[in-house]
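Residue numbers for the sequence shown follow the numbering used here, beginning at -17 and rising by one.
Yeah, the Cβ is synthetic: ideal placement off N, Cα and C, and Gly gets one too.
Since we're looking at a predicted model, the values are computed, not measured.
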Amino acid sequence: MTVFEGQFVGAQSLRVAIVVARFNDLVTAKLLSGCLDCLSRHGIDTSAASTQLDTAWVPGSFEIPLVAQKLAASGRYQVVITLGAVIRGDTPHFDVVVAEVSKGVASVSRDTGVPVIFGVLTTDTMQQALERAGIKSNLGWSYGLQAIEMGSLMAALPG
Ligand code: INI
-17 MTVFEGQFVG AQSLRVAIVV ARFNDLVTAK LLSGCLDCLS RHGIDTSAAS TQLDTAWVPG
43 SFEIPLVAQK LAASGRYQVV ITLGAVIRGD TPHFDVVVAE VSKGVASVSR DTGVPVIFGV
103 LTTDTMQQAL ERAGIKSNLG WSYGLQAIEM GSLMAALPG
């Protein structure tokens, strides 16, 4: 029996793309910095001159799947991380955006075979989003870790 598991060492060679939404950028910029901190501490070059990490900004979470799709299909990256913050507030727009981005990200991953990390916060309030983006913990860090694990796991799987 073989047990497949992703590793957290050896990430130095991983090529990563991050798609991040500008909407609610008070939150998403914090997620991005937490994510970059994680990647950097695992040996990934996150400097401006990096050839293994690229970042694409999109207007809002609704636009994430299209750009994630193009990056994943490029063959250049072993993993794509998506970062966004959809906050319910008083608008029914919330349900539309959440449905599209969650289904879209899942489809991109399955269609391309490239793992796409779902780093889109869905909360009722801005306070809850900020708590998950640094006030209490920074989930951006966790998304970076999950990206490393999935990149490694996919490379270890047969086929
Ligand atoms: N986009 C978000 O990323 N978060 C939100 O909370 C949000 N709300 O609530 O409207 C949001 N809307 C913009 C949307 O993602 C698109 O950018 C826009 O509809 C243009 O296509």
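Can you tell me which of the options puts its alpha carbon nearest to the alpha carbon of residue i?
i	options	result
PHE44	LEU13, ASP77, SER29	ASP77
GLY42	MET(-17), VAL79, GLN51	VAL79
GLN60	THR94, THR73, SER124	THR94
ARG70	GLY116, MET136, GLY(-8), ASN6	ASN6
VAL102	GLN(-6), MET(-17), VAL1	VAL1
VAL83	ALA50, THR107, TRP123	ALA50
THR28	SER15, ARG4, TRP39	SER15
ALA54	ARG92, GLU113, THR(-16), LEU135	ARG92
LEU48	GLY25, SER89, LEU18, LEU21	SER89
GLY126	VAL40, LYS12, THR(-16), PHE(-14)	LYS12
ALA129	ILE63, GLN110, ALA111	ILE63
ILE99	VAL9, VAL(-9), THR33, TRP123	TRP123
ARG23	ALA(-7), GLN34, PHE(-14), ILE46	ALA(-7)
ASP36	MET(-17), ALA115, VAL(-2)	VAL(-2)
SER56	HIS75, ARG114, VAL96	VAL96
Going by DSSP, which residues form a beta bridge with residue i?
i	result
VAL2	TRP39, LEU65
ALA115	ASN120
Rounded to whole angstroms, how far is the Cβ of residue i from the Cβ of residue j, which I believe are closer than 8 Å?
i	j	result
GLY141	LEU(-4)	With 8 Å as the limit, GLY141 and LEU(-4) do not qualify as a contact, their Cβ atoms being about 19 Å apart.
THR107	VAL68	With a Cβ gap of about 12 Å, THR107 and VAL68 do not count as contacting.
LEU65	CYS17	7 Å
LEU139	PHE(-14)	6 Å
ILE46	GLY86	7 Å
LEU40	ALA81	The identity of residue 40 in the sequence shown is Val, whereas the question assumes Leu. Not confirmed; about 17 Å, so no contact.
Report the residue ranges of all alpha helix (DSSP H) runs contained in full by the segment 23 to 108; include only those spanning at least 4 residues, in chain order. 46 to 55, 75 to 94
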